[in-house]
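Going by the UniProt record's numbering, 46 is the number at position 46 of the sequence shown; the sequence numbering is gapless. For reference, the structure is listed below as structure tokens.
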Amino acid sequence: MRQKIIMKKILASEKQFYRELQGELMSLENMTAVQQQKLAQLLWEAFHGSIDDLGETPEEMEQEVTEMIAGKYGKFLGKHSFALLEENKEEFLGCVLVSFFREIPLIIYVSVSPAARGQKLSTKIMNQVMQSLAQEYEAAYLVVIEENLPARKIYQGLGFEEVGSDWDRVLNEK
């Protein structure tokens, strides 16, 4: 079984503004059905064949996105979730999706299209998400697979710290 690590970032220092992607970033607060399908396709493509692949079909990923938005991991925080659009197109290059899980903002998915990797897009989208979350919350959390060293390195570079693997312990210490 893959060990999961819970990571936390204090958001007090996120009051600065990240303007470099504002025009291409889209809040997912009022997502359409078509955008939801494109989001599911992006997630499937990003995770398929990766360390985070759980073997879902594209249809199962579409169901997962529907359930996530409906509250599977707590209330979906669409205004704090963002997708990066391809220039002059409607395709998503990357996204960060956030839910309100057990009274905390939890980053559920961070993904970038395989064709767009290597451009630090996840970092740029995450910066926007953290700035958005900092307007309402003191900290943000995420979960990463222990073996996913590239993702852990990105998250650590963004200021996330490993705080454990048991939600009850982690949340009792917050």
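Heads up, the beta-carbon is just placed ideally off N, CA and C, and yes, glycines get one too.
Ranked by how close their Cα comes to the Cα of P105, the residues S81, E67 and R117 have S81 in first place. The beta carbon of F101 sits closer than 7 Å to the beta carbons of Y73 and G74 from its chain, once the five residues preceding and following it are set aside; these are given in chain order. Apart from the 5 residues on each side of it in sequence, M26 sits with its Cβ closer than 6 Å to the Cβ of A83 and L85 in its chain, given in chain order. Between the stretch 59-66 and the stretch 30-50 there are three or more inter-stretch CB-CB distances shorter than 8 Å, so the stretches are counted as touching.
Note on S111: 16 or more other CB atoms within 10 angstroms of its CB, so buried under the neighbour-count rule.
Taking every protein chain shown into account, the CB of Q128 has 16 or more other CB atoms within 10 angstroms, so this residue is buried. Residue nearest to T123 within the set L158, T32 and E56 is L158 (criterion: CA-CA distance). In the DSSP annotation of this structure, the continuous segment of the alpha helix (DSSP H) that includes S122 starts and ends at L121 to A134.
Restricting attention to beta strand (DSSP E) runs no shorter than 3 residues, the UniProt domain "N-acetyltransferase" (41-174) encloses them at 82-85, 92-101, 104-112, 139-145 and 161-164, ordered along the chain. By the neighbour-count criterion, in which 16 or more other beta carbons inside 10 Å mark a residue as buried, I10 falls on the exposed side. When DSSP states are grouped into helix, strand and coil, L39 belongs to the helix group. Distance between K4 and I145, taken at the CA atoms: about 5 Å. Beyond the five residues adjoining it in sequence on each side, R2 comes within less than 6 Å, by CB distance, of I145 in the same chain, given in chain order.
A straight line joining the alpha-carbon of V170 with that of F92 spans about 33 Å. Taking C-alpha positions only, I69 is separated from G94 by approximately 17 Å. At a Cβ-Cβ threshold of 8 Å, G164 and I6 count as neighbours. Taking the Cα positions, F47 is about 17 Å away from K120.
About 17 Å separates the beta carbon of E138 from that of K79, a gap too long to meet the 8 Å contact definition.
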